[in-house]
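The next block holds one structure in the form of structure tokens; read it before the comments.
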Amino acid sequence: MKKKIAFPFSLLVTTIVSYEIPLSSQAVARTAGKSSNTASAAQAKSSVSATHRKHATTATQAKGTEALSVSVRRRSPPAHILVSKASIERLAPGMNPLAALNQSPGINFQSADAQGTSTWSTQIFMHGFSQSDLGITLDDMPLGEITYRNYNGVNPTIATAPENVAGIDVSQSAGAEEVAASNNLGGSLAYRTIDPAHKLGASVQQGFGSYSNYHTYVRVDSGDLNSTGTRFYVSYVRNDQQKWKGFGEQFSQQASAKLIQPIAENSSLSTYFNYYDLHSYEYQDMSPEILQKLGNKIDNYYNGKASGYLAAVNAAKGIYPSGYNKLSDPEDASYYDSPTNEHGFMGYVKSDLALTDRLKWVTTAYGHADLQQTGWTSPYFSSPNGSPLSELMKEPSFRRFGILSKLTYDIARNHIGMGIWYENNSYQSPMYAYQQPSVVNGQIMGNLVNPLQHQSNPFAEIFNQNYNSNTFTAFVNDTYRPIQNLALHFGFKSLLSTQRVGDGYLSTAYYDTSAGDITSGESLTTAKAFLPHIGVDYRFLKNHEIFIDISENARNYMESGYKLSASPFAVTQAAYDASRGSIRPEKDWTYAIGYRYSDRLMDASVYAYRTNFFNRLQQITSGPVINPVSAVANVGSVTMNGVDVQFVIRPVRNLSISNSISYNHAVYDNNITQQGTIYRTKGQQVVNYPRFMYKANLAYDWRSLSFYIEGNYLSHRNYDYSGELHAPGYWLANLGLQWHVKKPADHSPPLGGFVKGLTLAFNLNNITNQTYIATMGENGNPLDSSSGYSYQSMLLGMPRTAFGSIKADF
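This is how it looks when you write it as structure tokens:
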């Protein structure tokens, strides 16, 4: 279907009513006879090859008008986006706040579940960079790298409840030298939590939706407890839903508390604590072959009954469900189960002191502990009792402590800042095998393992490594305003990170004895003394502004379990020794220039950027699918050129219409050579990220009603590094309606004498029920179509889903 690009409103209508061709036998487009192959990239840590899967050890990882401010409001340094609380509140109850950011140009948010909370499937990309290259903080506390099986932090979806997020400050470039992160090559996301209210009160929200979705949120505010303004809140959130295909529960809960103690007029002490607990069955990963031969409805065998386990046992014996024999590897197409379990606690203590009216000192000390059990039922490693299956659990855990401190000083026309950040992280990455019951004459002998409960007493250890890292950064910056409308920013960041690995163990019963030992007793240091950031922001005439932003950044090395990422440590000792001479820290230079126009009726912006990304580390594997030879290599660089254009009009009061277009030409600069074979990745678009995106949004407030409807279009995305397999482009539309029966700010008497605010809401996501590929590369990406056709590393997006909620403020 051809789309005509014309007036902004017609673009909006086109976006909303367009219908995508459902995925079936044409689920993945294939470029036949293509000789030129290209590597993927800014998602740099993705593995490459036809190894295995998420679960397998052989796998590679790799509103109203205010709501529109998510895309058009920036501040100095200029390459920033501010996500408001209003934009988050318009989403379905329990929705990942990053979904609000998805309406911003250049940003792509994906998830296989309706609320975007699955830590396995959730992805966010920014201007070609994957989430592993984005720095994340919560009230300045670093949350580490967003990755499944976190090694130095936690996914922000379980760091605080969505209702507790006051906003997100997004830096689109590699600058933001103040952010406590050692991986922010592609930008940063700074979450802010709400403060306790000054008045005694409570908020309760109950949400419900398709597929037995229930979301409950309760917060109680103490109000000011004394004349100094001491106050706190405690909150609890519970989210529960069933998978939309297959069978299984996805459950999470959090308990949070925050306390503020004001000191004098402009200073304060504050503390924050969060406990999180997550238990979820994940969706089975798809491949182009599975989608074309079996369709999009298959999942794991687990169905909550004995028949599911018996089907998995039969498959391990070569007796497959109907149609599976069409596949090149039917044994690996589905597993019995695929659980994720994670719990932990985190907190900080912060002092925010105004030493003088010009000098401010902010210090945050924090701690965090986390334990995970993520696994799958493997048909490749039998139990001692004779069962052909065993439950394999990767069980990463870590404890980290840190402190960050900064001073800001205003003098004359200068705003000067300086600060430091230090963190120590102790991370363990073992994998264990647990016994599953045998089957005799069709009868299950014993109890099935409950994969959503904590497992103990394994019968075998598969691998282990213990990491210890010390990270230190320091920054100095100055924003100088020689005249009122001109801001000149200069700063730099220094990075020093030392990472050590020891206590390595590799099971000879599970791995080929020729594999050798796992890397142990080694260390790597990332040292960059001067990473500059330069910015210019000039406002001219009445409503015009131009800005320039230039920055250099670098990151430390990834850490993970054996063969699970592009970590140079997560390989055999022999592979580490072979690559140690060429391994270098990844770094990049980003250059951006932009223009903004803003008045009462219209906002318009253009943001153009270029990024040169160097020393891209990539996992390369070869050999058998089940136990390949894996190495991490420096495969060269990536060049990105892109532009975002956005136009917002407000033709009448309370009506806002937004349209944006993003173009990203991000290509690999080098071919990849593996065991004498040249994969022609040079010049290919990076994997998993579209070259073109179009987004539209209409938001209207009328009296007590608020309504929005939005539509997004993504062009096709490369699945393999050689650009031979593609996930097709698609349109997606969502809408939401809120009825503010009574707003808390109203001066009218409370409803029933005690209800200060009452809001009813309805959301409908994926209005036209598109079938589309959402998450890609969760298990890494293959090198070309020969290995990629059967490589399972994509997840389908949620079908049409409805949500309703009621929120009351007391």
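Just so you know, we're using full-length UniProt numbering here: the sequence shown kicks off at 1 and counts up by one.
From the three backbone atoms N, C-alpha and C, an ideal C-beta is built for every residue, glycine too.
Where residue i sits in the DSSP three-state scheme
i           : result
residue 337 : coil
residue 142 : strand
residue 671 : coil
residue 809 : strand
residue 249 : strand
residue 815 : Outside the modelled stretch of the chain, which goes from 1 to 810, sits residue 815, for which no answer is possible.
residue 395 : coil
residue 577 : helix
residue 191 : strand
residue 515 : helix
residue 549 : strand
residue 301 : coil
residue 49  : Confidence is the limiting factor: at residue 49 the pLDDT is only 38, short of 50, which leaves the residue's position unreliable, though a coordinate-based value still follows. Correct three-state label for residue 49: coil.
residue 786 : helix
residue 157 : helix
residue 587 : strand
residue 130 : coil
residue 778 : strand
residue 282 : coil
residue 532 : strand
residue 477 : strand
residue 35  : Caution is warranted here: a pLDDT of 39 is assigned to residue 35, below 50, making its placement in the model unreliable, and no coordinate value can be reported.
residue 350 : strand
residue 468 : strand
Same chain only: Cβ atoms within 6 Å of residue i, ignoring 5 sequence neighbours per side
i           : result
residue 812 : Outside the shown range of the chain (1 to 810) lies residue 812, about which nothing can therefore be said.
residue 550 : 534, 591
residue 204 : 218, 808
residue 359 : 409
residue 5   : Annotation note: pLDDT 33 at residue 5 (below 50); position unreliable, coordinate value reported separately. Correct list: empty, nothing qualifies.
residue 355 : 361
residue 662 : 105, 106, 644, 693
residue 418 : 407, 476
residue 794 : 286, 773, 776
residue 428 : 397, 466
residue 525 : 498
residue 715 : 690, 691, 692, 729
First through last residue of the beta strand (DSSP E) which encompasses residue i
i           : result
residue 88  : First-last for residue 88: 85-89, but that is the alpha helix (DSSP H), not the beta strand (DSSP E).
residue 291 : That residue, residue 291, is in no beta strand (DSSP E); its alpha helix (DSSP H) goes 288-293.
residue 742 : 730-742
residue 695 : 692-702
residue 710 : 705-714
residue 684 : No beta strand (DSSP E) contains residue 684, which DSSP labels as neither H nor E.
residue 425 : 414-428
residue 642 : 638-649
residue 171 : 165-171
residue 612 : 602-614
Alpha helix (DSSP H) segment containing residue i, residue limits
i           : result
residue 543 : First-last for residue 543: undefined, no H or E at that position.
residue 314 : 306-316
residue 98  : 98-101
Opposing strand residues paired with residue i [DSSP bridges]
i           : result
residue 817 : Only positions 1 to 810 of the chain appear in this structure, which leaves residue 817 out of reach.
residue 120 : According to DSSP, which records beta bridges pairwise, residue 120 is partnered with nothing at all.
residue 801 : 765
residue 375 : 393
residue 260 : 231, 270
residue 439 : 444
residue 211 : Answer is none; residue 211 lacks a bridge partner.
residue 241 : 250
residue 676 : DSSP output for residue 676 lists no bridge partner at all.
Distance between beta carbons of residue j and residue i, contact taken as under 8 Å
i           : j           : result
residue 254 : residue 274 : 6 Å
residue 151 : residue 778 : Residue 151 to residue 778, Cβ: 17 Å. No contact.
residue 290 : residue 172 : With 8 Å as the limit, residue 290 and residue 172 do not qualify as a contact, their Cβ atoms being about 36 Å apart.
residue 463 : residue 507 : 7 Å
residue 167 : residue 192 : 5 Å
residue 436 : residue 389 : 4 Å
residue 758 : residue 751 : 6 Å
residue 381 : residue 510 : 6 Å
Cβ shell of residue i (< 7 Å), same chain only, five flanking positions each side left out
i           : result
residue 523 : 498, 499, 500
residue 641 : 610, 665
residue 279 : 251, 341, 452
Sequence-distant residues of its chain with Cβ nearer than 8 Å to residue i (five each side left out)
i           : result
residue 234 : 219, 220, 255, 256, 257
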